[in-house]
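So that you can map any letter, position 6 of the sequence shown is 6 in the numbering used here, and since no number is skipped, the others follow by simple counting. What follows is a single structure, written as structure tokens, with notes after it.
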Amino acid sequence: MTNCYFPILVQTNYNHYYLLYHSQRTIHMKRGHLITGIVSFFLCAMLVQGAAAGIVERSIEPAEPTTSRVVLTLPAETVAGIVEVLPPGTEVSEVSLPPDQYRVEGTTLFLAVIGEREVSYLMHGPPDSAGAIRGTWTDYLSGEEGTVGVHGDGMQGAEVPPAVPLTAVTPKAGPPLPLLLAMAGVAFVGAARCRLRGREGQ
1 MTNCYFPILV
11 QTNYNHYYLL
21 YHSQRTIHMK
31 RGHLITGIVS
41 FFLCAMLVQG
51 AAAGIVERSI
61 EPAEPTTSRV
71 VLTLPAETVA
81 GIVEVLPPGT
91 EVSEVSLPPD
101 QYRVEGTTLF
111 LAVIGEREVS
121 YLMHGPPDSA
131 GAIRGTWTDY
141 LSGEEGTVGV
151 HGDGMQGAEV
161 PPAVPLTAVT
171 PKAGPPLPLL
181 LAMAGVAFVG
191 AARCRLRGRE
201 GQ
């Protein structure tokens, strides 16, 4: 009677270990895909942050004795808020943004940048007032905040109100290139190992 059940017992144990082996293999493969996906996600997030982080620069071009053209240059695909504070006795006109993307309150200019690489406006006032412009910017994609770059020596201007409450005035540096390359290598190696194990299991 024992001999009759022995083949059944062997077959049952074989099926059990076969299912256990392939279950563990499937879990291991899924875990590998999950790890690869997580690494790839953080890699892409850091790449986006590094690309978005940048400095807004201001250049001033004299147009007339009492008029200057102010040009703000931004990185590509920037979504940011900029506040420009002009010195007393000056006026702003001909802002290059659509009317719903800027607002003028006295000598303060509020700008909403949505992908523009360049924003310009005219400032009317004394010739020596152009260097006294002060500005801040906030990149809403990366969270970076900082001060608009000033060219040349100018007078101290008024205190600049931030586009949003500033937590840091120095832009945070993006991730170093070696770290990005290392994480990219880990992601690609993990994906290749998962594909290889999947082929071996078929």
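The C-beta atom is built at its ideal place from N, Cα and C for all residues, glycine as well. Bear in mind the structure is a predicted one, so any value in this text is a computation, not a measurement.
Cα-Cα separation between residue i and residue j, rounded to whole angstroms
{"i": "A112", "j": "T78", "result": "10 Å"}
{"i": "D100", "j": "P75", "result": "21 Å"}
{"i": "P95", "j": "V71", "result": "It is Val, not Pro, that sits at residue 95 in the sequence shown. V95 and V71: Cα-Cα distance of roughly 10 Å."}
{"i": "S142", "j": "A80", "result": "10 Å"}
{"i": "T147", "j": "P62", "result": "22 Å"}
{"i": "T136", "j": "I82", "result": "6 Å"}
{"i": "T90", "j": "G125", "result": "4 Å"}
{"i": "T107", "j": "D128", "result": "16 Å"}
{"i": "R58", "j": "L86", "result": "13 Å"}
{"i": "A66", "j": "T138", "result": "In the sequence as displayed, the identity of residue 66 is Thr instead of Ala. Using only the alpha carbons, I get a separation of about 30 Å."}
{"i": "L97", "j": "E144", "result": "22 Å"}
{"i": "G149", "j": "Y102", "result": "20 Å"}
{"i": "I60", "j": "T73", "result": "11 Å"}
{"i": "A130", "j": "E64", "result": "12 Å"}
Nearest residue (CA-CA) to residue i, options the options
{"i": "V56", "options": "R117, S96, P126", "result": "R117"}
{"i": "S68", "options": "G149, A132, Y140, F110", "result": "A132"}
{"i": "G115", "options": "Y140, M123, V104", "result": "Y140"}
{"i": "P88", "options": "T73, R134, I60, Y102", "result": "R134"}
C-beta atoms of residue i and residue j nearer than 7 Å
{"i": "E84", "j": "L122", "result": "no"}
{"i": "V104", "j": "V92", "result": "yes"}
Local conformation of residue i per DSSP, three classes
{"i": "A63", "result": "strand"}
{"i": "S129", "result": "helix"}
{"i": "H124", "result": "strand"}
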